[in-house]
Amino acid sequence: MPFHRIFAPKGFYSPTDKASFSESITKVYSFLPPFFVIVVFIDLPDGDLFVGGKLSKNQVRISVEHVARNFTNDADKRKFMERYEKAIQPFTKERGIEWEVQVVDCDVRESLPSSSVSNSCF
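All residue numbers for the sequence shown refer to this note's numbering, where the first residue is 273 and numbers rise by one.
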């Protein structure tokens, strides 16, 4: 289940923006049932976001956790990031902001029987 947290200055994205942004992210995972994709927007109050020690009102941080499936090679990681960046472009690059995406593959192999873990993700 992909879990996305989007940290942005309060009011940066409208409710309509958030719905569209979430839909764009969900489409990246077209091979999964949509209800598996979770997107949470975290509005940061004025004065709570700093980059390089300086207050920023033009930065968005996106943190993604892939819980049930992981990338098996660098080529798959690059393909995913290309699709992901294209999907979020209307909410990042096209708005002229600074943004950063962090993707973490959680190691599910320690908690699940090996027969239930897929070796291929994307």
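The beta carbon of each residue, even a glycine, is placed where N, CA and C say it ideally should be.
Practice task
Classify Ser386 as buried or exposed, calling it buried when 16 or more other Cβ atoms lie within 10 Å of its own Cβ.
Solution key: Only weak support exists for where Ser386 lies, its pLDDT of 49 falling under 50; the coordinates are left without a value.
Exercise for the section: Take Val339 and list the residues in its own chain whose beta-carbon comes closer than 8 Å to its own, dropping the five residues that flank it on each side. Expected result: Met273, Pro274, Phe275, Cys378 and Val380
Handout entry: Distance between Lys351 and Ser335 (C-alpha atoms, nearest Å)
Key = 18 Å
Practice task
Flag this pair as touching only if the segment 300–309 and the segment 322–336 have three or more C-beta atom pairs under 8 Å; answer yes or no.
Solution key: no
Practice task
Check Lys329 in the structure and name its three-state DSSP category.
Solution key: coil
Exercise for the section: Determine the burial state of Tyr285: buried for a count of at least 16 other Cβ atoms within 10 Å of its Cβ, exposed for fewer. Expected result: buried
Problem - Boundaries of the alpha helix (DSSP H) in which Ala340 is found, first to last residue - result: Segment: none, Ala340 is in no alpha helix (DSSP H) and carries neither H nor E.
Practice task
Tell me whether Cys393 sits in a helix, a strand or coil according to DSSP, three-state version.
Solution key: Low local confidence applies: a pLDDT of 45 at Cys393 is under 50, so the model's placement there is unreliable, with the coordinate-based value given in what follows. Coil at Cys393, not helix or strand.
Exercise for the section: Note the first and the last residue of the continuous alpha helix (DSSP H) segment covering Glu372. Expected result: Premise fails: Glu372 lies in the beta strand (DSSP E), Glu370 to Asp377, not in any alpha helix (DSSP H).
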